[in-house]
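Numbering (the numbering used here), first residue to last: 3 to 149.
Just so it is clear, CB atoms sit at the ideal spot from N, CA and C, and this is done for glycine as well.
See structure below.
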C-alpha cells in the first residue's frame with residue numbers, strides 16, 4: 003500500500019484542476035485573450051519552478067538536456083494545450099462538464115498507456131472491469147450533459 007501522501011497528492015492535484023480552469027478563464031476574459039492567459043499562467047508557473055529548482059540546486063546539466071528524446075520535450079506543449087483549452091472551454095461549458103470530459107479523456111489515455119506500458123508506466127492489460135469503469139464515466143458525461 004502506498005504512503006497516504008502518494009494517494010492524497012493526486013487527489014489534491016485533481017481537486018485544484020477545476021479551480022485552475024476557472025482562474026485561467028477569468029484571466030482570459032480580463033486579458034481578452036485565451037493564449038495570453040495561458041502564457042501568463044505558464045510564466046507564473048515557470049518562475050515558481052525556477053525558484054524551486056534553484057533553491058534545491060537541482061539544475062540539470064547541458065549534457066542531460068542534450069540527451070533527451072524529442073518526445074521528452076512534448077510535456078510542456080501538452081500542458082500548454084491543456085491550459086489554453088481550460089481557459090477557453092471551461093467557462094463556456096461549466097466546471098462539472100469540463101472536468102468530467104477531462105476525466106474521461108484522462109482515463110481513456112491511462113487505459114491505453116497502462117495496457118501497452120508506454121512512456122514509463124508499468125504494463126497492466128485492459129480488463130473488462132477497467133473498460134466498464136470508463137464506460138460508466140462516459141455515461142456520466144451523457145447524464146451531466148442532459149441535466
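Residue nearest to residue i in terms of C-alpha spacing, selected from the options
i: residue 117; options: 30, 104, 133 and 89; result: 133
i: residue 71; options: 121, 88, 42 and 12; result: 121
i: residue 20; options: 104, 111, 144 and 142; result: 104
i: residue 94; options: 119, 31 and 141; result: 31
i: residue 124; options: 112, 12 and 131; result: 112
i: residue 38; options: 80, 86 and 67; result: 86
i: residue 45; options: 137, 4 and 78; result: 78
i: residue 143; options: 102, 76, 65 and 58; result: 102
i: residue 96; options: 12, 10, 22 and 8; result: 22
Distance between beta carbons of residue j and residue i, contact taken as under 8 Å
i: residue 40; j: residue 89; result: 6 Å
i: residue 92; j: residue 24; result: 6 Å
i: residue 42; j: residue 29; result: 6 Å
i: residue 146; j: residue 98; result: 6 Å
Helix, strand or coil at residue i according to DSSP, with G and I counted as helix
i: residue 5; result: coil
i: residue 123; result: coil
i: residue 147; result: helix
i: residue 60; result: coil
i: residue 128; result: coil
| What runs of the beta strand (DSSP E), each 3 residues or longer, lie entirely inside the stretch 63-105? | Whole beta strand (DSSP E) segments, 3+ residues: zero.
| Start-end ranges of the alpha helix (DSSP H) lying completely within the stretch 3-47, minimum 4 residues | 6-33
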